[in-house]
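Here's the structure, in structure tokens; my notes come after.
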Amino acid sequence: MIEFKKLIDAKALYQELDKIWVAKGMTFFAIDYNGKRVSRKYRIGGWKDRLMSWHRLPSQLLRVGIHHLLPLKNGNLLVVVKRKLYILSSEGKVLNAWSEFKGNKPVHQGVCVTPEGTIFFGEYVLNPNRDMVVKLWRSVDDGMSFEVVKTFASAEIRHIHFIKWDVYEKCLWMGTGDYGEGNRECCLYRSEDNGVTWSLIGQGSQDWRAIGVCFTEDALLWGTDAGSCSDTVHFIRMDRKTREIEVVADFEGPCHGCASYRDGRAFFSTGVEGGENELDRFSRMKLLVAGRPVNIWQLEKDMWPLILQYGVMRFPLGSDQCDRVVFTTMGLKGHGETVMIEK
422 MIEFKKLIDA KALYQELDKI WVAKGMTFFA IDYNGKRVSR KYRIGGWKDR LMSWHRLPSQ
482 LLRVGIHHLL PLKNGNLLVV VKRKLYILSS EGKVLNAWSE FKGNKPVHQG VCVTPEGTIF
542 FGEYVLNPNR DMVVKLWRSV DDGMSFEVVK TFASAEIRHI HFIKWDVYEK CLWMGTGDYG
602 EGNRECCLYR SEDNGVTWSL IGQGSQDWRA IGVCFTEDAL LWGTDAGSCS DTVHFIRMDR
662 KTREIEVVAD FEGPCHGCAS YRDGRAFFST GVEGGENELD RFSRMKLLVA GRPVNIWQLE
722 KDMWPLILQY GVMRFPLGSD QCDRVVFTTM GLKGHGETVM IEK
């Protein structure tokens, strides 16, 4: 039976074999798997952002703080905060600050670095009237400049959900949402030329609406993100050869996290966001066992309103090169913003 324990009050943003990059407010650093700090402390942003992020409650309400962190191939660090992306040297010097994108930040799996070092950045905007153009950005010079590689016209999609490198097919996958006539905004795309062109693989139902995917040798796996509509939340398997999808199981709430590991395991988490199709107020952790998701851990939503923070469990990026499960609990009872680790 898998068990988890608390490691530190922080957010886990990126996982490596020997360390975990975590953030507290506008400060980030690396810790080992015992919770000991193993890097210098880095601080970014102005005094206003640092003041507003001193405690998790104002930080979560105002969406202030560090949202993404990825090590780059040249040793620099990519850091995303509200409405800005920074490239920092290993000594903490700001080498570039970029803010051309729309929205506060990408969604959790909306930033990707390929094995060759190319950076992808997907725009995530509320876009309630579908009158905004949504862009996928790319950098081929370690984040010193960005170019648009795909543009979605207004009313084509609402926003980009994820972009992820596939170690098996050596390609990129991108997901979009949320609704549209005939659920046309829910799409899965694939690119095998470093994001220059994209093929539409699936579209037209909430089953194509994902916040991320897990990869196995013969399939793509995801949970649907239909949290605020009446559709049942599903666990989906897409066969790599046929590109056909199969509903494997129902979830109790929208899927907010997924991560695969070097040892072949895959984990999925459901969240609490107040949708009519949610079973209850519990966020759940699931392990894939014999092709089906099995509940292994759960926590109830905390007392604070959903506008402050949904109740979620989120995995750091980089898990596919690691063996030990790490995740962050947010908006849950006794676990407002806590890094948890597999015992």
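Under my numbering, the first residue of the sequence shown is numbered 422, with each subsequent residue one higher. Built from N, CA and C at the ideal position, the CB exists for glycine as well.
- In the DSSP assignment, residue 624 is bridged to 608.
- Residue 557 sits in a strand when the DSSP states are folded into three classes.
- Looking from the CA of residue 751, the closest CA among 720, 764, 470 and 744 belongs to 720.
- Of 715, 603 and 730, the smallest CA-CA separation from residue 422 is found for 715.
- In this structure, DSSP gives residue 714 an extended state, which the three-state scheme calls strand.
- When DSSP states are grouped into helix, strand and coil, residue 602 belongs to the helix group.
- Under DSSP, no beta-bridge partner is assigned to residue 617.
- Excluding five sequence positions before and after residue 579, the CB atoms of its chain that fall closer than 6 Å to its own CB belong to 548, 598, 599 and 606, given in chain order.
- The stretch 693-712 and the stretch 658-678 touch, with three or more beta-carbon pairs separated by less than 8 Å.
- Fully enclosed beta strand (DSSP E) runs of no fewer than 3 residues occupy 676-681, 687-691, 703-710 and 713-721 of the stretch 674-722, in order along the chain.
- Judged by DSSP secondary structure, residue 458 falls outside any beta strand (DSSP E); it is assigned neither H nor E.
- The continuous alpha helix (DSSP H) containing residue 478 extends over residues 477-483.
- For residue 472, there is no enclosing beta strand (DSSP E); the enclosing alpha helix (DSSP H) has its first and last residue at 468-473.
- Between the C-alpha atoms of residue 746 and residue 636 there is a straight-line separation of about 16 Å.
- Residue 463 places its beta carbon less than 8 Å from that of residue 513.
- Bounds of any beta strand (DSSP E) do not take in residue 742, whose DSSP letter is neither H nor E.
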